[in-house]
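Asker:
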Amino acid sequence: MTINVSGEAAIAGVANTEFSKNSGVSELELASVAVRDAIADAGLKPSDVDGMTTFTLDNTDEIEIARAVGIGDLTFYSRVPHGGGAATGLVHQAVMAVATGMAEVVVCYRALNGRSGHRYSSGVAGPLLTSDAIHWGWYTPYGLMTPASWVAMYTQRYMHLAENVQDAMFEIAHVQRQYAAKNPAAFFYQRPFDRADYDASRPIVSPFKMLDCCMETDGGSAVVVTTAERAKDLKHPAVIVKGVAQAAAADMESMTSFYRPEIARIPSMDIAAKMAYEQSGLCADDIDAAVIYDAFTPIVLWQLESWGFCDLLEAPKFVLDGALRSDGRLPTNTHGGQLSEAYIHGVNGVVEATRLVRGQSVNQPAKEVNNVLVTSGVGVPTGGALLGRSD
Amino acid sequence: MSESLVSRIKPVLGLDNKWWWDQAAEGVLAIQRCQGCQSLRHPPRPMCDQCQSQEWDFISASGKGTVCSFTVLHHPKFPGYDYPLIIVLVELAEGTRITSQLTGCEPDEVDFDMPVEMVMQRDADGFQLPYFRPSQ
Amino acid sequence: MTPEQTKAFEEKVYTFVGKPIYTGPRRGYDDVNSAMIRQWCEVMGEKNPAYVDQDWAEKSTRGHLIAPPAMMYAWTQEGYKVASEGRPTDGQVEMVKFFDSYGFSGSLGTNVDQEYFAEAKVGDAIFEESVIESISEQKTTARGIGYFFETYAKFTNQDGVLLGTQRFRVFKFIPPQQEEVTPASSDTLEIPTRVAAPRGQDNKWWWDACDEGKILIQRCASCGALRHPPRPMCGVCQSTEWDTIESTLDGELFSFVEMHHPKFPGYQYPLLVGVISLAEGTRIIANIVGCDVKDVEIGMKLKGKVERVDEKTILPQFYPVNN
Amino acid sequence: MNTLNYADINIGDKIPNLDIPITASLISCAALATRDFEPCHHDKAVAQGMGLPDVFMNILTSQALMARFVTDWSGPEAVMKALKVKLGAPNVPGMTMTVSGEIVEKDDAEKSIKINVTGENNIWGMHMSGSVQIALP
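Protein chains in written order, with our numbering: chain F, 1 to 391; chain C, 1 to 136; chain E, 1 to 323; chain X, 1 to 137.
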């Protein structure tokens, strides 16, 4: 690596909008509020911002938001494809921009009326006008056409190879709901569930029950990235981006990489982990807490393996030992995650990871938190970031 | 002015702009006003770019203004519009700008800074939108 | 129909206008009662306490429970006879039979307008008086050629208080398939079929072969590597030259799911989808059929057959191989 | 359960959408609850004989769902004045119907409001459209 971006950039501000099932406002307004509040959280002014990043999926133009919020001249803007796979990709783009001087203050945002507007759970059976219609055509005639069903296919294979997978899936859903029950911003605030509720929840696609699946949310999240230098003098202690990577492993299809030798794992995330660890000089032992993309419960298991917290096929044991709990080895998704806080395509996870490093999570673990992992959606090209305190 | 059988392309109405077109339907040329700092803005947006407030109301514009710029459309011709079509960018007396159509005026009579006033145009299908004409 | 036949038909059919449907007001078999109201509310997801919560109702402005106004027409319905023996003859049935005898056998309720003047209470008897109010001139619609008829009903209680009125509009038409030349309109209802794969330059040949009953596997003409799904270039040697081999459809189950929710029209549930490793070495996605989900396991041997699964779709389906 | 006040309702107000999953159970049980025993609402073979894929929803159920949608929102003291339904595409199992509504008229003398209601299913589109009129305190 000729240029190492580790330590060059920092997250200075974060914000979420209110999360709901029906925001009653436009996606432009959600995005504007998240962006405004993240800039304010950083102690900056809208006119300080000169870069913006978002998802290709996002419906709101950068310049629309810039004009609404009163942002000044932009010298950098970029979009990342692949749905939730873009979550930390926004930070990745922003870090590269500030590390190279293309911009100094970059706002990363994502806002969607994901419940009251277009619902991703409705699958790809509708009129599909995108260029990947041919791709989905290999699956739709058989009825395999929802995100849950694609991930379930990997999961069944994982269950065939590993032990106690369903119990571990419950543990993940349950731990996260317990976090959410204590998070006033979470959709499922004060609404815990137990194993009987889990077992009785509606079957979606084997082996997924309703409570294995993330929700659909109206809301927005934003993150302000600036140089480590500038972040020093801002409102909150700088949260340094120590490592950040994007990866799409060979032989990949969007959500349906069913043709690799083994499918019960996430090779793209293996690559992202290797890159981020190399940049940062950190290893799994250095990571104190995590925000792991959780569209469905088992994807957390595979990512724990990718990032080296346990061996291949050992994640269920790791999880069932209580690792993800507040007093565990790796408190994870302390906001409730996308299963129980809100589904903002993982950007609310970047917000939470930042808060964990700052010591501001509503479920802040008792132990010292120096370094936090945050990841993007998997099954698609993905990525991850390692955030930590400045030394 | 001839009435076309085909109607003009209508604006898409969303949460941030429907109220403005509803006002136009009532005959009002509305200008959004920030309740935080009183600044005016157009076209409508959910947040004030001066003070970032989301609170707003609107004022009814006087309809008086001057031509800031203009263009005359000849080609291509879309059904539902009358050509040559004079499109003006009007600097309203209140300070905001609005893009509209100029009526009651030949293309070669339009000029910069020309005083204009708003007239509500009602299409055959009932759709109402503000036009401008030379001040009388 | 010839113009003469139409004339004869219309002469007779318009005589039904103004005829009462029942002789005299007809009383509903059951008076308004809480059991039928509760059942109706349960199914409709109706939680309105005005219909079901006695305590609430006593304290409410009304002071008592009421029947859901939308139940008005339910009270005087005929009942199970309609399914077991057929609808008993009345003025409307007589007219409908006459329509049917001229081929206007299609029947489609299009509008119901109800107005309510008083709320029915538990214990009220409901009386219906109905009349055939109008029959339109002949109309051609997307459903076919036919006539709209409208019935008008008045609902009263035991004290003669008018509870409400109803206009019910029905289209009686000649179903299009009975017409000699009328092509099926795009608006005609169709039995849903599976979501088809779009056929583009790189995959049309594969689906065309599937329609012919063959499952092909793309083979690089340069290095011989097999690949699926089809792509225009060999990922091994970058050649764009290729041919195909036909799969024997001998396979082994690599992974599978059972789809529960959401359910899509055009698919039969339970629905099993598998990733199958073919003997040739490539994998294919297809449905697993001919066995119970509890008997399906990863590694099981499968044999595929190319079969028609609905009116528009031909697909490979994989069956367990019994050793 | 509170009931909305007439004075607080404005023309143009929207009622939050309601999604109703259409199942064979809902169709057949609701037909029976409305005492509509026409076989096409509970016997799949009969419905298929009519060219439909499965049993389909009867009109009295569509009316009931439209009424429920409005009074869920208005509260129980609302008095139903009129209900008008125009039927479109059938509701068959496997679909989801989204019901939505908007206040279009207010009558100060009667303290009644008119709500335009539509129910659109995700496969064939508009199932029902019409209006409900209610009087409010």
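Virtual Cβ for every residue (Gly too), placed ideally from N, Cα, C.
By the criterion of Cβ-Cβ separation under 9 angstroms, what are the contact partners of G101 of chain X in chain E?
Answerer: Here the premise fails: no neighbours, minimum Cβ distance about 15 angstroms.
Asker: State the Cα-Cα distance for the pair Y14 of chain E and M1 of chain E, rounded to the nearest angstrom.
Answerer: Those two C-alpha atoms are separated by around 17 angstroms.
Asker: Using CA atoms only, rank isn't needed, just tell me which of E:K172, E:G200, E:L302, E:D90 is closest to K22 of chain E.
Answerer: Here residue 22 of chain E turns out to be Tyr, not Lys, going by the sequence shown. Out of E:K172, E:G200, E:L302, E:D90, E:D90 has the C-alpha closest to the C-alpha of Y22 of chain E.
Asker: Just grab the DSSP bridge partners of P134 of chain C for me.
Answerer: C:V116
Asker: Once you ignore the five residues that flank D111 of chain C on each side, which residues in its own chain have a CB closer than 8 angstroms to its CB?
Answerer: V67
Asker: Give the DSSP bridge partners of L108 of chain F, in chain order.
Answerer: A small correction: the amino acid at residue 108 of chain F is Cys; Leu does not occupy that position in the sequence shown. Answer is F:T53, F:V223.
Asker: When DSSP builds the beta bridges, which residues end up paired with S20 of chain F?
Answerer: F:D218
Asker: At a CB-CB cut-off below 9 angstroms, which residues of chain C make contact with E278 of chain F?
Answerer: At a C-beta separation below 9 angstroms, E278 of chain F has no neighbours in chain C, since its nearest C-beta there lies roughly 40 angstroms away.
Asker: Does the beta-carbon of Y29 of chain E have 16 or more other beta-carbons within 10 angstroms, so that it is buried, or is it exposed?
Answerer: Exposed, since its Cβ has fewer than 16 Cβ neighbours within 10 Å.
Asker: What does a CB cutoff of less than 7 angstroms around T23 of chain X pick up in its chain, not counting 5 residues either side in sequence?
Answerer: P93
Asker: Return no unless some Cβ of chain C is closer than 7 angstroms to the Cβ of V25 of chain F.
Answerer: yes
Asker: Could you tell me whether the Cβ of M126 of chain X comes closer than 7 angstroms to any Cβ of chain E?
Answerer: no
Asker: Quick check on V293 of chain E: does DSSP put it in helix, strand or coil?
Answerer: Note: V293 of chain E maps to helix in three-state DSSP.
Asker: Can you find a C-beta in chain E that's less than 7 angstroms from the C-beta of A176 of chain X?
Answerer: An answer regarding residue 176 of chain X cannot be provided, because it is not within the stretch 1 to 137 covered by chain X.
Asker: Within 10 angstroms of the Cβ of D107 of chain X, are there 16 or more other Cβ atoms? Answer buried if so, exposed if not.
Answerer: exposed
Asker: Which residues in the same chain have their Cβ closer than 8 angstroms to the Cβ of R308 of chain E, if we skip the five residues on either side of it in sequence?
Answerer: I314
Asker: Near Y198 of chain F, what residues of its chain come up, given a Cβ to Cβ distance below 8 angstroms and the 5 sequence neighbours on each side ignored?
Answerer: F170, A173, H174, K209, L211
Asker: Go ahead and pull the three-state DSSP assignment for V321 of chain E.
Answerer: coil
Asker: Would the beta-carbon of N348 of chain F fall within 7 angstroms of that of N16 of chain F?
Answerer: yes
Asker: Return the residue from the list E:D124, E:V296, E:W206 that minimises the CA-CA distance to P198 of chain E.
Answerer: P198 of chain E has its Cα closest to that of E:W206, out of E:D124, E:V296, E:W206.
Asker: Could you give the DSSP three-state label for W124 of chain X: helix, strand or coil?
Answerer: coil
Asker: Can you find a C-beta in chain E that's less than 7 angstroms from the C-beta of I299 of chain F?
Answerer: no
Asker: Which term fits C310 of chain F, buried or exposed, when burial requires 16 or more other beta carbons within 10 angstroms of its beta carbon?
Answerer: buried
Asker: Reducing DSSP to helix, strand and coil, say where V5 of chain F ends up.
Answerer: coil
Asker: Below 8 angstroms between beta carbons is the criterion; list the residues of the segment 6-27 of chain X that meet it against any residue of chain F, in chain order.
Answerer: Along the segment 6-27 of chain X, the positions whose C-beta sits under 8 angstroms from a C-beta of chain F are P16, N17, read in chain order.
Asker: I'd like the ranges of any beta strand (DSSP E) spanning at least 3 consecutive residues and lying wholly in the segment 327-381 of chain F.
Answerer: 371-375
Asker: Out of F:Q246, F:H135, F:R202, point me to the one whose CA is closest to P230 of chain E's CA.
Answerer: F:H135
Asker: Would you decide whether N2 of chain X is buried or exposed? Buried here means 16 or more other CB atoms lie within 10 Å of its CB.
Answerer: exposed
Asker: Would you mind reading off the limits of the beta strand (DSSP E) that contains L253 of chain E?
Answerer: 250-259
Asker: With respect to 6 angstroms, is the separation between the Cβ of L29 of chain C and the closest non-hydrogen atom of the ligand MN below this value?
Answerer: This structure lacks the ligand MN; in fact it carries no ligand of any kind.
Asker: Return the first residue and the last residue of the alpha helix (DSSP H) that D22 of chain C is part of.
Answerer: That run of the alpha helix (DSSP H) goes 18-25.
Asker: Is M97 of chain X close to chain E? Criterion is C-beta to C-beta, closer than 7 angstroms.
Answerer: Not one chain E Cβ lies under 7 angstroms of M97 of chain X.
Asker: Contact criterion: CB-CB distance below 7 angstroms. Does P365 of chain F meet it with respect to chain E?
Answerer: no
Asker: If you draw a straight line from the C-alpha of P184 of chain F to the C-alpha of Q190 of chain F, how long is it?
Answerer: Looking at the two C-alpha atoms, the distance is approximately 8 angstroms.
Asker: Using the C-alpha atoms, what's the distance from N59 of chain F back to A111 of chain F?
Answerer: 8 angstroms
Asker: Here's the rule: buried if 16 or more other CB atoms are within 10 angstroms of the residue's CB, otherwise exposed. What is R68 of chain X?
Answerer: buried
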